[in-house]
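The letter at position 179 of the sequence shown is residue 178 when you use numbering that gives the first Met the number 0, and the numbering goes up by one with no holes.
Each residue gets a CB set at the ideal place from its N, CA and C atoms; glycine is no exception.
The model shown is predicted, which means the values in this text are computed figures rather than measured ones.
Below is one structure, written out as structure tokens; comments come after it.
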Amino acid sequence: MRSCERVFLIFLLANLLCLPFWAQNKTADIKYSSNFSQLLTDSQRYIKEGLYDRAQISLQHTLKLARTAEEKKEVNLKLAEVEANLGNLTQAYDYYGQSLQLALETGDKKTEDFSQKSMQIIDLYNKAKKLRQEKHYDEVIDIFNNAISYCDQINNPVLKCKALRQQSYAFLYLNKLQNYFENNLKANEIAKTINNIIELISTYINIGHYYSLIDNINLAIENFDNAILLSNREGMPTYVIFDAYYNGAVVNIEIGNYDKAIEYLCLALELIANNKSDPYYVTSLSNLGSTYLKRALTSGNSQDYDRAFQYFNQALSTAAQTGNEPFQVAVLNNIGSLKAHLEENLDALYYLNKARILAEKIKLNGYLVSIYTNIGIIYARQGDYQNSSLYYDKAINLALSENEDRTLWESYLEKGNLLKKQGKLTEARFYYLNSINIIESLRSKLSMEEDKASFLGSDKRLNAYHNLIDLLINLNREKGNQQYLAQAFNFMERAKSRAFLDSIESSNLEKEIPADLKLINQEKEIMSDMSKLYTRLIAPDLPEDERTTILQEVKSLEDKLDNIKRQIRSQNP
Numbered sequence: 000m001r002s003c004e005r006v007f008l009i010f011l012l013a014n015l016l017c018l019p020f021w022a023q024n025k026t027a028d029i030k031y032s033s034n035f036s037q038l039l040t041d042s043q044r045y046i047k048e049g050l051y052d053r054a055q056i057s058l059q060h061t062l063k064l065a066r067t068a069e070e071k072k073e074v075n076l077k078l079a080e081v082e083a084n085l086g087n088l089t090q091a092y093d094y095y096g097q098s099l100q101l102a103l104e105t106g107d108k109k110t111e112d113f114s115q116k117s118m119q120i121i122d123l124y125n126k127a128k129k130l131r132q133e134k135h136y137d138e139v140i141d142i143f144n145n146a147i148s149y150c151d152q153i154n155n156p157v158l159k160c161k162a163l164r165q166q167s168y169a170f171l172y173l174n175k176l177q178n179y180f181e182n183n184l185k186a187n188e189i190a191k192t193i194n195n196i197i198e199l200i201s202t203y204i205n206i207g208h209y210y211s212l213i214d215n216i217n218l219a220i221e222n223f224d225n226a227i228l229l230s231n232r233e234g235m236p237t238y239v240i241f242d243a244y245y246n247g248a249v250v251n252i253e254i255g256n257y258d259k260a261i262e263y264l265c266l267a268l269e270l271i272a273n274n275k276s277d278p279y280y281v282t283s284l285s286n287l288g289s290t291y292l293k294r295a296l297t298s299g300n301s302q303d304y305d306r307a308f309q310y311f312n313q314a315l316s317t318a319a320q321t322g323n324e325p326f327q328v329a330v331l332n333n334i335g336s337l338k339a340h341l342e343e344n345l346d347a348l349y350y351l352n353k354a355r356i357l358a359e360k361i362k363l364n365g366y367l368v369s370i371y372t373n374i375g376i377i378y379a380r381q382g383d384y385q386n387s388s389l390y391y392d393k394a395i396n397l398a399l400s401e402n403e404d405r406t407l408w409e410s411y412l413e414k415g416n417l418l419k420k421q422g423k424l425t426e427a428r429f430y431y432l433n434s435i436n437i438i439e440s441l442r443s444k445l446s447m448e449e450d451k452a453s454f455l456g457s458d459k460r461l462n463a464y465h466n467l468i469d470l471l472i473n474l475n476r477e478k479g480n481q482q483y484l485a486q487a488f489n490f491m492e493r494a495k496s497r498a499f500l501d502s503i504e505s506s507n508l509e510k511e512i513p514a515d516l517k518l519i520n521q522e523k524e525i526m527s528d529m530s531k532l533y534t535r536l537i538a539p540d541l542p543e544d545e546r547t548t549i550l551q552e553v554k555s556l557e558d559k560l561d562n563i564k565r566q567i568r569s570q571n572p
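Structural data, given as structure tokens:
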């Protein structure tokens, strides 16, 4: 049973509403020269290397040695840059103010304009963030556009990087995903140029989030892995490390890499264990419960069920204490799913109905799709087909209205199972086909074959293929129409070509084939040949001329296959 973690497992966007509040790790001791020029040179080297915490300390020493207005102006300007890179915009604002005063005293028009514009940019930045909290997203975008324009006028890449990333969140809330993506790509390139590792990690996370939203899980993983790798550098703030591991865990849950997801979630949870009021504390607890539950379903390990229940209970208790109703819904649904898997049906209904009532009250439609499906499963087990069908239909209709494909496939599958159990095979076939179409659509957006195999091997997605093949065999027996056998072969071969050959049992189907069905056997052989060609097509670094040749062979086989199918149809009109 798929739980509704998709809505619940929201990706943590770094610095979304507030500036960092965790302390950085202690930096290494630095020996400073008593010479102003040497200290300034050292500070500039630290800035170039992205060692902003060291540059901060070095520049503070340098400022004490500054004697002339020119020297003080230069150091204040460098300190403003460093504080901005560290995310301390209040301090950066003050240093820009000092630079402005010194520029006025020395008649330095260029520094005067740069400092004044930088202060205006920070004012716009803070105004936009406040408006974003009030959900005035269009206005937020306009204000950040002005800020970014000022950054370009004075060539301030540090503030531009931050403005682009912060503006991207307004695009995200408005579901303008391409703008969100493009902003973070630009910010990422700037972060590389100025060697700001924290901004680099934040933008990698946001880019990964974009790819996850469009179901390109492979590229999502690549970007989250980049973030995790960078977060392990010495001196990274706690919140940066948490962001990287938390998001890496979420995407690994999506593709069924549960061991790695558990490893990442445990690391993330440990980082915030002393701050139970942090909303991501309860999120991490519940995600750990969900991951242990999913692993239990594949491993059958009873200890994983126990761990899942323990984490869910901790999460539910914490969510109740903080009055967080959406998290309570998510955790109640997850506990209901756990009880259902343990076939404790009355307990499952108890938790699921508590989740349903609260979700309907606060209109959490994404959760409701999963909750309705789960309730339908329990009623089907109890033989209450009327209520089961009612809740499956509720789930399907709601998922269609919300474009929630990640849970819709299961609602279709379970409705098909119910109809099959009632002997309504033709109707069940319709729902199985819809389920498979959605599963294959989601899977097609993965680019690595191992991720595809993991995706289809997790949860119960393969059941759609198994159950449809079994249904088609039964339809052939019932109606005596060998077209159903041909369709069963088609789905078996589709399954094989989609990288889970070992998971499909074809023996039952092959027992149904009369020895003289040469056309069907020919169809099977052609599909097998096509499957091999498709496997060759996905090989990395395949030369273009070889790819062209393979595609021609595929086209030839497709023509042969169409001819075979026409002959089959002519014999079974």
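Minimum C-alpha distance to residue i - residue among the options
i      : options                        : result
Asn154 : Ser443, Thr548, Asp112         : Asp112
Tyr238 : Ala272, Ile252, Ile254, Val250 : Ala272
Lys159 : Leu176, Glu138, Leu184         : Leu184
Leu99  : Ala68, Lys129, Tyr124          : Ala68
Tyr304 : Met491, Lys71, Asn333          : Asn333
Lys63  : Leu38, Arg44, Ala487, Lys414   : Leu38
Asn34  : Glu70, Ile46, Glu48            : Glu70
Tyr94  : His135, Tyr483, Asn75          : Asn75
Arg306 : Asp392, Leu337, Gln115         : Leu337
Thr61  : Tyr51, Thr40, Asp52            : Thr40
Trp408 : His135, Ala463, Asp224, Lys360 : Ala463
Thr110 : Gln97, Ile121, Asp122          : Gln97
Gln90  : Asp107, Arg66, Gln59           : Gln59
Ile377 : Glu545, Glu80, Ser387          : Ser387
Gly583 : Lys360, Ser57, His340, Leu417  : Since the first residue of the chain shown is 0 and the last is 572, residue 583 is not available in this structure.
Glu343 : Ser369, Val328, Asn373         : Asn373
Gly49  : Leu412, Asn145, Ile120, Asn194 : Asn194
Ser410 : Asn396, Val281, Leu345, Gly422 : Asn396
Lys423 : Tyr384, Lys393, Arg460, Val553 : Tyr384
Asp107 : Glu73, Glu552, Thr548          : Glu73
Tyr280 : Ser289, Tyr291, Leu268, Gly288 : Leu268
Expected contact under 8 Å - CB spacing of residue i and residue j to nearest Å
i      : j      : result
Gly247 : Tyr263 : 5 Å
Asn84  : Val139 : Rounded, the Cβ-Cβ distance is 23 Å, inconsistent with contact.
Tyr350 : Gly365 : About 18 Å; that fails the 8 Å criterion.
Ile216 : Glu253 : 6 Å
Ser573 : Thr321 : A query on residue 573 cannot be resolved here, the shown segment of the chain reaching from 0 to 572 and no further.
Ser589 : Ala219 : As shown, the chain starts at 0 and ends at 572. That puts residue 589 outside it, with no answer to give.
Ala243 : Ala226 : 4 Å
Leu331 : Ala354 : 4 Å
Lys419 : Tyr391 : Not quite, the Cβ-Cβ distance comes to about 13 Å (not below 8 Å), so this is no contact.
Coarse secondary structure for residue i, derived from DSSP in three states
i      : result
Leu78  : helix
Tyr141 : It should be noted that the sequence gives Asp, not Tyr, for residue 141. Helix at Asp141.
His135 : coil
Leu50  : coil
Met235 : coil
Lys573 : Because the chain spans 0 through 572 in this model, residue 573 falls outside it and cannot be assessed.
Asn333 : helix
Ser211 : helix
Glu413 : helix
Ser276 : coil
Asn480 : coil
Glu403 : coil
Arg164 : helix
Gly106 : coil
Arg66  : coil
Leu363 : coil
Leu130 : helix
Glu324 : helix
Contact with chain C by residue i, beta-carbon distance below 9 Å
i      : result
Leu470 : This model lacks chain C altogether; it includes just one protein chain.
Stretch-stretch touch, CB-based, cutoff 8 Å, three pairs: the stretch 156–174 with the stretch 191–209: Yes, the stretch 156–174 is in contact with the stretch 191–209.
The stretch 308–317 contacting the stretch 473–483, beta-carbon criterion three pairs below 8 Å: No: the two stretches stay apart, fewer than three of their Cβ pairs being nearer than 8 Å.
The stretch 437–444 contacting the stretch 394–401, beta-carbon criterion three pairs below 8 Å: The stretch 437–444 makes no contact with the stretch 394–401; the number of CB pairs closer than 8 Å stays below 3.
Cβ contact (3+ pairs, closer than 8 Å) linking the stretch 175–192 and the stretch 101–118: Counting C-beta pairs closer than 8 Å gives fewer than three between the stretch 175–192 and the stretch 101–118, which falls short of the contact rule.
Contact between the stretch 421–432 and the stretch 464–473 (3+ Cβ pairs under 8 Å): Taking a contact to require three or more Cβ pairs closer than 8 Å, the stretch 421–432 and the stretch 464–473 qualify as touching.
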